[in-house]
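This report concerns only the one structure given below.
In UniProt numbering, the protein residues as written are 1 to 243.
Below, the structure written as structure tokens:
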């Protein structure tokens, strides 16, 4: 049975991805930051598909905590077939003038460095398989006001995708990026600048927000053998919204 690792798997797109991969027959190991109750709920739901599911509290920006998680995954599952680097977010919105270096580093670490850490630690456990980065439409649009650091970090994931697709491809490891748009998640509820449903009704070509499950199904497809020749690609899941 294949094994998948998901960072930031207790809520939103991450939680939906854990469940979708479990439904597809993957054992799943995922991290969460604070909400243990949510993590346990996701674990129960995912495990109902007859697979093994484990979770661990770990800061995705901490090498030490993620290294401990990687050791646990190796001990329990032996190998990894799919890595979904989903952890990310926008702690607060600041413009360039309002920002300082510590703010920049915090946002970039959360959204870009965390993906590097996960990739560095888990690809040694992969004989072949796929690395999936959860980027954002903000990589194209620059994001809303006060999201310049977030947009830059998410765009950085696209460069990482192309570079590592080339580097890891000869080992049989594919690297792809998924770019969600306006998705009904805690992230947009917290970091959004207004009613995302009203915004989507005017800005998104399909005139609605997306669901975490719609993104997760794309991720599950990319992790499958049906996507075995997709490498270095950027997959938009945004209903038609390019700023």
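Beta carbons: idealized from backbone N, C-alpha and C, even for Gly.
- According to DSSP, residue 27 shares a beta bridge with 3.
- In the structure shown, residue 197 adopts helical secondary structure according to DSSP, grouped into three states.
- In this structure residue 241 is buried. Its beta-carbon is surrounded by 16 or more other beta-carbon atoms within 10 angstroms.
- Here the stretch 2–12 lies against the stretch 82–90, with 3 or more beta-carbon pairs under 8 Å apart.
- Excluding residues up to 5 positions away in sequence, 58 and 59 lie with their Cβ nearer than 6 Å to the Cβ of residue 65 in the same chain.
- Taking 8 Å as the cut-off, the beta carbon of residue 110 is found closer than this to the beta carbon of residue 61.
- Beta-bridge partners of residue 240 (DSSP): none assigned.
- Annotation for residue 103: the continuous alpha helix (DSSP H) segment containing it runs 101–108.
- Within the stretch 95–156, the complete alpha helix (DSSP H) segments of 4 residues or longer fall at 101–108, 114–122 and 138–141, listed in chain order.
- The beta carbons of residue 204 and residue 169 sit no closer together than 8 Å.
- About 5 Å separates the beta carbon of residue 150 from that of residue 90, a gap short enough to meet the 8 Å contact definition.
- Setting aside the 5 residues that flank it on each side, residue 36 is surrounded in the same chain by 57, each with a C-beta closer than 8 Å to its C-beta; the list follows chain order.
- DSSP, reduced to helix, strand and coil, places residue 181 outside both helices and strands of the structure shown, so it counts as coil.
- A contact is defined here as three or more CB-CB pairs under 8 Å, and the stretch 70–85 fails this definition with respect to the stretch 96–104.
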